[in-house]
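Peer 1: Position 262 of the sequence shown, counting from 1, maps to 262 under full-length UniProt numbering, and the rest follow consecutively.
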Amino acid sequence: MYKRLFLLSRDFPASPVVNMAAQFNIGDIVWAKLSSFPPWPSKIVRPKKDIKKPKGKKPVYFVFFYGTEDHAWVKAENLKPFEEYKDQMIKANKGKRFLQAVEAVEKVLRKGGGAKRGRPPKHSAAPKSGAYRDTDDMDHEEVVPSSKPVQKTYSREPLLGKTVSPSTSIGLKRPPEGLGAEASIILKRPREDNESDLYNFDESEHETESDIVTAKDDITPTCLKIGFLGLGIMGSGMVRNLIKTGHSVMVWNRTPMKCRDFVQAGASMGGTVTEVVAACDITFGCVSDPNAVRDLVFGTNGVLQSIRPGKAYVEMSTIDVETVQDVAESIESRGGRFLEAPVIGTRKPAEDGMLVIVAGGDRSLFDDCESCFLAMGKKAFYLGEVGSGTRMKLVANMVLGSVMAGYAEGMSLAERAGLDLQTVLDVFKEGPLNCAAVRSKGDAILHSRFEPSFPLKHQQKDMRLALALGDELKQSLPVAAAANEMFKRAISLGNGDNDMSSVYRATAL
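1) Express the C-alpha separation of Gly-310 and Thr-300 in angstroms, rounding to a whole number.
2) Take the Cβ of His-482 as the centre, count every other Cβ of all protein chains shown within 10 Å, and call the residue buried at 16 or more, exposed below.
3) Using 8 Å as the threshold, is the segment 253-273 in touch with the segment 357-371, meaning 3 or more CB pairs across them?
4) With burial defined as no fewer than 16 other Cβ atoms inside 10 Å of the residue's Cβ, what is the status of Val-427: buried or exposed?
5) Three or more beta-carbon pairs under 8 Å between the segment 314-323 and the segment 261-268, yes or no?
6) I'd like to confirm the pairing. Which residues does DSSP put opposite Phe-65 in its beta bridges?
7) Is it true that the CB of Met-486 sits closer than 9 Å to the CB of Phe-454?
8) Counting C-beta neighbours from all protein chains within 10 Å, is the total for Pro-221 16 or more, i.e. buried, or is it exposed?
9) Mind the definition here: the segment 381-395 touches the segment 451-469 only if three or more C-beta pairs lie below 8 Å; say whether that holds.
10) Is it right to say Ser-492 is buried, meaning 16 or more other beta carbons lie within 10 angstroms of its own, or is it exposed?
11) Using a Cβ distance threshold of 8 Å, determine whether the segment 369-385 contacts the segment 292-306, with at least three qualifying pairs required.
12) Along the chain, where does the alpha helix (DSSP H) that runs through Val-438 open and close?
13) For the segment 266-353, which segments carrying the beta strand (DSSP E) assignment without a break, of at least 3 residues, lie completely within its bounds, in sequence order?
14) For Leu-421, collect the residues of the same chain with a Cβ closer than 7 Å to its Cβ; drop the 5 residues on either side in sequence, then sort them by chain order.
15) Please report the residue range of the beta strand (DSSP E) in which Val-358 lies.
16) Put Val-395 into one of helix, strand or coil per three-state DSSP.
17) Where does Pro-256 sit, in a helix, a strand or coil, going by DSSP?
18) In angstroms with no decimal places, state the Cα-to-Cα distance between Asp-87 and Gly-345.
19) Strictly by DSSP, which residues pair up with Pro-81?
20) For Val-403, which option in Gly-418, Cys-435 and Gly-377 has the closest C-alpha, if you only look at C-alpha atoms?
21) Where does Lys-379 sit, in a helix, a strand or coil, going by DSSP?
22) State yes or no: is the C-beta of Tyr-407 within less than 9 Å of the C-beta of Lys-441?
23) For Val-424, collect the residues of the same chain with a Cβ closer than 6 Å to its Cβ; drop the 5 residues on either side in sequence, then sort them by chain order.
24) Using DSSP's beta-bridge definition, name the partner residues of Lys-75.
25) How many Å lie between Gly-246 and Gly-377 at the Cα?
26) Relative to the alpha-carbon of Asp-352, which residue among Ala-405, Met-238 and Ala-278 has its alpha-carbon at the smallest distance?
27) What is the DSSP secondary structure of Leu-229, reduced to helix, strand or coil?
28) For Pro-478, which three-state DSSP category applies?
29) What residues match up with Val-249 in a beta bridge as DSSP calls it?
30) Please list the terminal residues of the continuous alpha helix (DSSP H) segment that includes residue 536.
31) Taking Ser-288 as the reference, which of Glu-77, Glu-275 and Val-343 has the closest Cα?
32) From Arg-46 to Gly-360, what distance separates their C-alpha atoms?
33) Mapping DSSP to helix, strand and coil, what is Asp-87?
34) Expressed to the nearest angstrom, what Euclidean distance is found between the alpha-carbon atoms of Gly-387 and Phe-284?
35) I'd like the span of the alpha helix (DSSP H) that includes Asp-218, first residue to last.
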């Protein structure tokens, strides 16, 4: 199992020829490599005008990735001729999506739709070389992607880092200052045209198990031993997906009984936090709030006691920037590696492996977590320094809470105005408000079913942390502040452990 993992080298196979000097033309079929992903079947194409060329003096080519239907600028040194290296690349990668991409290229070559090496198609008005050093040279001809239908699946497919195509559902074209030189997407589940989900809420009606391909065969688990601390609503789903995809996992929870089902599923159990960290190469933590994180890391028999060179800790809890920076400094001072990786999503996305992961910290650790993130999420972003992921998560959840508060007020107003709430919900579903939040939370309000997918007290905690961040940065947040007061009122009415949609009860009085 692990032999194949190491065959998927992060670098191209050694070649006696320095590839940087290679010249490719528009229409050439090549192997293109991005970041930590394996070389991928691709084609040199004309640049799209809405995807800017990265800065730098090294020649770059604009490529189309078969199978994923993405585009990206790739350095010349990261390109290889397709035919020359085909056997070697196919031998090293047997993933389903990879082989589908290879087949797509073979079909193009059989039909004469691409040049194997060095000769552009006859219809192309390509320059002598497809490489670009200045954006003034670009010919913005539209590139038509493969007609092969997109499937929902995980794979080790290359995804865009510095730039993304308009069809990618989430992307960062140019990272803002302070978020590092690169904001990378390493995972992507293609979206259907009618999807418009706000953080993928629980919704059995619209997102059934048949919609999500677990693709266990497409994820090659890391050979590193994984520890996981915290088996709450979110942690439980993430650990199940790690186990399902073949990862070696050791779990710990403050209430040991919660570990039983995971041990039966194939995990091992640690008696203490220290024991888990000592036994594992990478340990993930996912608990409720900053106080719980500090206790987990700095407390008796905590994470810190077993940190030494070679150990790594990934914090997935939603906490404040100060706490995450304190944890990072403590881990790194003992020679360990640290990554923050809070998640965007609720219970069902966690169970389905469809979370969005926003990370900051040690880039090498981010790369080492690749198979884990593939198992747990549909996308993972690397945002730069420690604190970047936390800020992103707080902004996202602040927007979410503000939307939820406004939605609850709207439903309350509709009821007071004598409108039928089922009709109101049906109208919302047919218009621009149609998204998973409206559908699932509207149904919860309509039927007074507030089983926690994301507890209201946790949403209020995130609102509080976001407002504190706003105070620190002198940013006025009046809408979020008003929404926070609604959540606080709902908690005072006894709804803290209910789903966040129960904020409706604070408006219906």
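The beta carbon of each residue, even a glycine, is placed where N, CA and C say it ideally should be. Just so it is clear, the structure is predicted and the values come from calculations on it, not from any experiment.
Peer 2: With the structure as the only source:
1) 22 Å
2) It should be pointed out that residue 482 corresponds to Ala in this sequence rather than to His. By the neighbour-count rule (16 or more Cβ atoms within 10 Å), Ala-482 is not buried but exposed.
3) no
4) exposed
5) no
6) Ser-42 and Asp-70
7) no
8) buried
9) yes
10) exposed
11) no
12) No alpha helix (DSSP H) holds Val-438; DSSP gives it neither H nor E.
13) 282-285, 312-315 and 337-340
14) Met-411, Ala-414, Glu-415 and Leu-446
15) 355-361
16) helix
17) helix
18) 40 Å
19) Val-30
20) Cys-435
21) strand
22) yes
23) Ala-414
24) Val-60
25) 15 Å
26) Met-238
27) strand
28) helix
29) Ile-226
30) The displayed coordinates of the chain run from 1 to 509. Any statement about residue 536 would go beyond what the structure contains.
31) Val-343
32) 33 Å
33) helix
34) 17 Å
35) Neither: Asp-218 is in no alpha helix (DSSP H) and is coded neither H nor E.
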